[in-house]
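Engineer: Protein chains in written order, with this note's numbering: chain U, 1 to 117; chain H, 1 to 117. Positions of the beta carbon are idealized from the N, C-alpha and C atoms, including for glycine.
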DNA sequence: TTCGTGAATCGTCGATAAGCGATAGGGACC
DNA sequence: GGTCCCTATCGCTTATCGACGATTCACGAA
């Protein structure tokens, strides 16, 4: 299996994700609020683009269900998709998860002031 | 207003939270998947115990709704409650949020291996 | 143009979540 | 006991989620 013609995982050129407000934190939390979606994100730890069919095979769920989970992750900007001919490649937006982590850290740290809208 | 007879925010003596599996990550994500609950956690950044009534006044939601949100946070072990006479004090379980953050970091880091059940 | 393949969307269903008012329970205090 | 205060729980309605099969759409290849 070769990944030669696949797009890269770089986030360069993607639109800026929304700033970390209370609503945005909740949005990402919701995207990560289902075991299947956590599992999908964990699959993406290995940094190369993933096809939908690969994920379906890993997760033991119907293709339409996986597609729906990917849509939720995509709309929360946790992953991004790029078309390559007939198929879609998915990659993590690591920067978004990093910002989420930072926000949760600030949320629970006692000595940093954070003004959340 | 005095906090003199309030219990402390220490987590000492509390039962160990569940280990960080995929299901546990999703559970905490779900607890943080609502703006009101993120807001509540953010209130708790200031490290002293909070009464339910204080939170109600901050959040502009019915007392029963806040009580329900607190139940969800409590069952996910994101906060803990202690009774003091007629009232209940709530505090953050910072250690749980720290572990959650660590799990999300590992989830998205490309070089750490994590075996999630 | 037609066919095949991979992925998204639609339609439907049961289950779960979110919100509120009303009610119940548990202390403290008289 | 009775009363007040604070919080949890109940009962209800509406909204959203999660899952699936069926269908549609987009693209490349024949």
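#1: Near residue 104/H, what residues of its chain come up, given a Cβ to Cβ distance below 8 Å and the 5 sequence neighbours on each side ignored?
#2: Does any CB atom of chain H fall closer than 8 Å to the CB of residue 105/U?
#3: Within the same chain, show all residues whose beta-carbon is closer than 6 Å to that of residue 28/U, passing over the 5 residues directly before and after it, in chain order.
#4: In the DSSP assignment, find the beta strand (DSSP E) that holds residue 92/U and state where it starts and stops.
#5: Taking only runs that begin and end inside the segment 6-90 of chain H, name each unbroken beta strand (DSSP E) of 3 or more residues, in chain order.
#6: Exposed or buried, residue 69/U, counting other C-beta atoms within 10 Å across all chains shown (16 or more means buried)?
#7: Going by other Cβ atoms of all chains shown within 10 Å of its Cβ, with 16 needed for buried, is residue 87/H buried or exposed?
#8: Within this structure, are the beta carbons of residue 90/U and residue 50/U separated by less than 8 Å?
#9: Using a Cβ cut-off of 8 Å (strictly closer), state whether residue 83/U contacts chain H.
#10: Cα separation between residue 54/H and residue 15/H?
#11: Pick helix, strand or coil for residue 95/U, following the three-state DSSP scheme.
Structural biologist: Reading off the structure:
#1: Answer for residue 104/H: 25, listed in chain order.
#2: yes
#3: Correct list, in chain order: 76, 100.
#4: 87-92
#5: Positions of the beta strand (DSSP E) runs, each at least 3 residues long and wholly inside the segment 6-90 of chain H, are given as 79-84 in order along the chain.
#6: So residue 69/U ends up on the buried side.
#7: Result: exposed.
#8: yes
#9: Taking CB atoms only, residue 83/U has no neighbour in chain H less than 8 Å away.
#10: 26 Å
#11: In the structure shown, residue 95/U sits in a helix (DSSP, three-state: H, G or I).
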